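This report concerns only the one structure given below.
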Amino acid sequence: MTISGREQPLIRVLYDESRPDLREPAHPRPVRLYLWEPDHPPAAPAPLVVISHGTGGSGGDMEWLTRPLHEAGFRVMALDHHGNNFVDGYEPEGFLHVWERPRDVSFALDALAREQPLGPVGVAGFSLGGYTAAALAGARIDPQIVWAVLTGAVPLPDIPEFPGVLEALRKKYPEDESLLLVLDSAGADLLDSRVRAVFQVAPGAGGFVTPESLATVQVPVEIRWGGADTVNPYEVDTRPYLEHIPTASGRSAGPDVRHDDFFAPEPADPTVRIRVGREAAAFFLQHLG
1 MTISGREQPL IRVLYDESRP DLREPAHPRP VRLYLWEPDH PPAAPAPLVV
51 ISHGTGGSGG DMEWLTRPLH EAGFRVMALD HHGNNFVDGY EPEGFLHVWE
101 RPRDVSFALD ALAREQPLGP VGVAGFSLGG YTAAALAGAR IDPQIVWAVL
151 TGAVPLPDIP EFPGVLEALR KKYPEDESLL LVLDSAGADL LDSRVRAVFQ
201 VAPGAGGFVT PESLATVQVP VEIRWGGADT VNPYEVDTRP YLEHIPTASG
251 RSAGPDVRHD DFFAPEPADP TVRIRVGREA AAFFLQHLG
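Going by the working numbering, the letters in the sequence shown line up with residues 1 to 289, in that order.
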């Protein structure tokens, strides 16, 4: 646990005893939190916004979302998803067992709630974090699609952060029976009733979620995407959320905005992160108070 000044988060590492560490299965799964408390705490519990990073990223590298939310008065929590963050390194399950990400968020919310009452909760997510946010509102992965990808019947899109990720998973779990056991969790209902609003940015895994589950989402959902995004293209990854979630609305962040513009050191559009961060803050102010 560290504290590094007013603008820096409190950093904590919690351990989920119900799930194993991907490298050391005898140990519990680590969940690292980055927590910003409001500068002027209200009398009642402050609204909390949870931020889920994209594939291979880190909660500590999401300042373009954490800063405007913190400045708007929210309590803000970002987190690192085990096996899928650059702080600790990568494991194939971290990239392919995406349904473990929403469980990280619910586990962290449980831990915070044991310490003090939670205010209204919202979740914002970038890229695969966009799926994470939607899953907490009711979106569910289709296990049949996952199985088709794991067995090679459907090609897996390139993952630049982890080339050969599917081969690495098969090497780690050589028996089909092991993969089948995993699928028991893939289609689980990960709804967390504490989540009252969702903000997705260039969301991923839209082609893996079932339209039927998206139709059950009841909380407000706002979506932003890049018109030039070739990593999570609109038609494949954003359209399913926008069309099938009855409460969803959204708009393009710009026709020339790429996926990389949300994290690259030299984005083609240097304004997009500022704009989308402010829009996320405005959205949560409207729906969380």
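Beta carbons are placed, not taken as given, at the ideal position from N, Cα and C, and that holds for glycine. These numbers come from a predicted model, not from an experiment.
Where does residue i land, buried or exposed, given buried means 16+ other C-beta within 10 angstroms?
| i | result |
| --- | --- |
| Gln-200 | buried |
| Leu-96 | buried |
| Gly-94 | buried |
| Glu-91 | buried |
| Glu-63 | exposed |
Give the DSSP-derived three-state secondary structure of residue i in the structure shown.
| i | result |
| --- | --- |
| Ser-18 | strand |
| Phe-74 | coil |
| Trp-36 | strand |
| Glu-167 | helix |
| Tyr-234 | helix |
| Gly-125 | strand |
| Arg-196 | strand |
| Ser-58 | coil |
| Gly-254 | coil |
| Thr-2 | Because Thr-2 carries a pLDDT of 34, less than 50, the predicted location of this residue cannot be relied on, and the following value inherits that uncertainty. Three-state DSSP puts Thr-2 in a strand. |
| Gly-94 | helix |
| Gly-207 | coil |
| Glu-222 | strand |
| Asp-261 | helix |
Using CA atoms only, rank isn't needed, just tell me which of the options is closest to residue i.
| i | options | result |
| --- | --- | --- |
| Pro-203 | Thr-55, Gly-152, Trp-36 and Gly-59 | Thr-55 |
| Ile-159 | Thr-230, Gln-218, Gly-119 and Phe-107 | Thr-230 |
| Asp-61 | Leu-22, Leu-69, Leu-79 and Ile-245 | Leu-79 |
| Gly-226 | Arg-273, Met-77, Val-195 and His-244 | Arg-273 |
| Val-236 | Ala-205, Asp-261, Pro-255 and Ala-264 | Ala-205 |
| Ser-252 | Ile-223, Asp-110 and Lys-172 | Ile-223 |
| Tyr-131 | Val-221, Tyr-173, Leu-109 and Phe-74 | Val-221 |
| Val-98 | Phe-74, Leu-118, Thr-66 and Leu-150 | Leu-150 |
| Pro-255 | Ala-111, Pro-120, Ala-228 and Pro-9 | Ala-228 |
| Ser-193 | Asp-110, Ala-268 and Leu-33 | Asp-110 |
| Arg-67 | Val-165, Gly-207 and Pro-38 | Pro-38 |
Rounding to the nearest angstrom, what Cα-Cα distance links residue i and residue j in this structure?
| i | j | result |
| --- | --- | --- |
| Asp-88 | Thr-238 | 29 Å |
| Asp-290 | Ala-43 | With the chain represented from 1 up to 289, any question about residue 290 goes unanswered, as that position is not in the structure. |
| Val-49 | Ala-134 | 14 Å |
| His-259 | Glu-24 | 33 Å |
| Thr-2 | Ala-148 | With a pLDDT of only 34 at Thr-2, under the threshold of 50, the placement of this residue in the model should not be trusted, and no figure is reported. |
| Ala-188 | Arg-140 | 7 Å |
| Ser-249 | Tyr-241 | 9 Å |
| Val-154 | Pro-143 | 13 Å |
| Ser-213 | Val-219 | 13 Å |
| Leu-14 | Gly-59 | 14 Å |
| Arg-12 | Trp-36 | 11 Å |
| Arg-29 | Ser-18 | 8 Å |
| Val-257 | Pro-265 | 14 Å |
Compute the distance between the beta-carbons of residue i and residue j, then report whether it is under 8 Å.
| i | j | result |
| --- | --- | --- |
| Thr-247 | Gly-138 | no |
| Leu-169 | Arg-103 | no |
| Ala-328 | Ala-72 | Limits of the chain in this structure are 1 at one end and 289 at the other, which puts residue 328 out of reach. |
| Leu-128 | Val-195 | no |
| Ile-51 | Ala-124 | yes |
| Leu-69 | Ala-197 | no |
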